[in-house]
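Have a look at the structure below before the remarks.
Numbering (the UniProt record's numbering), first residue to last: 1 to 170.
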């Protein structure tokens with residue numbers, strides 16, 4: 001009986017921590033940022049606790065069927081600074097997790113949207129089910145097209161531009 005209560009308690013803890021609507025980001029230069037949703041998950045407020053300045057990001061790619069959006073922190077461009085992503089499940093059957101990634105610019109202390117590269121021919125037409133491989137310095141995006149599963153491997157070139165490294169289908 002105790003085992004069941006512990007298991008239910010852990011499930012509740014992970015569900016609550018998974019659905020964060022606010023994150024705190026501490027950068028390697030000791031600046032701290034509080035990121036939270038505004039305007040019904042359609043905007044973000046990012047407050048720099050050192051300068052007290054607030055950055056607003058409008059027009060988030062929110063779910064049109066009111067599926068909740070979440071925040072995730074990671075180093076998406078492998079520069080040592082912490083970035084973040086907004087994600088939600090797709091509006092269809094909820095098969096994919098769609099990501100909108102924001103990269104920290106240490107020069108202006110602002111977060112900038114990572115644009116999905118249009119000069120490549122990936123199998124996935126957006127960032128889906130993103131996985132970060134810090135060892136290989138790659139981002140993978142996975143999706144399904146018809147009966148096949150596809151994985152796009154993204155990396156940064158010497159100019160720090162995101163490029164498609166490889167696509168696999170099975």
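The beta-carbon is built from N, C-alpha and C at its ideal position, and this holds for glycine as well.
These numbers were taken from a predicted model, which means no experiment stands behind them.
Burial state of residue i (16 or more Cβ within 10 Å)
| i | result |
| --- | --- |
| residue 120 | exposed |
| residue 149 | exposed |
| residue 83 | buried |
| residue 85 | buried |
| residue 71 | buried |
Cβ neighbours of residue i in the same chain (closer than 6 Å, five flanking residues each side left out)
| i | result |
| --- | --- |
| residue 78 | 137 |
| residue 24 | 34 |
| residue 114 | 101 and 103 |
| residue 41 | 62 and 69 |
| residue 49 | 32 |
| residue 140 | 131, 151 and 153 |
| residue 64 | 91 |
Inter-residue CB distance, residue i and residue j (contact presumed, cutoff 8 Å)
| i | j | result |
| --- | --- | --- |
| residue 76 | residue 132 | 7 Å |
Residue i - partner residues in DSSP beta bridges
| i | result |
| --- | --- |
| residue 23 | 35 |
| residue 145 | 148 |
| residue 86 | 71 and 100 |
| residue 133 | 138 |
| residue 128 | 98 |
| residue 167 | 152 |
| residue 30 | Residue 30 is not bridged to any residue. |
Neighbourhood of residue i by C-beta distance below 7 Å, restricted to the same chain and skipping five residues each side
| i | result |
| --- | --- |
| residue 225 | With the chain represented from 1 up to 170, any question about residue 225 goes unanswered, as that position is not in the structure. |
| residue 158 | none |
| residue 123 | 143, 145, 150, 152, 167 and 169 |
| residue 27 | 81, 82 and 104 |
Close beta carbons around residue i, own chain, < 8 Å, minus the five adjacent residues each side
| i | result |
| --- | --- |
| residue 134 | 75 and 78 |
Residue i CB to nearest heavy atom of the ligand FAD below 7 Å
| i | result |
| --- | --- |
| residue 52 | No copy of the ligand FAD appears in this structure; indeed no ligand is present at all. |
> Within the chosen definition, does the stretch 94-113 reach the stretch 147-157 through at least 3 CB pairs nearer than 8 Å?
Replying inline: No: fewer than three Cβ pairs fall under 8 Å.
>> Count Cβ pairs between the stretch 34-44 and the stretch 52-62 that sit closer than 8 Å; are there 3 or more?
In response: As far as the Cβ criterion goes, the stretch 34-44 touches the stretch 52-62, which means the pair count is three or higher.
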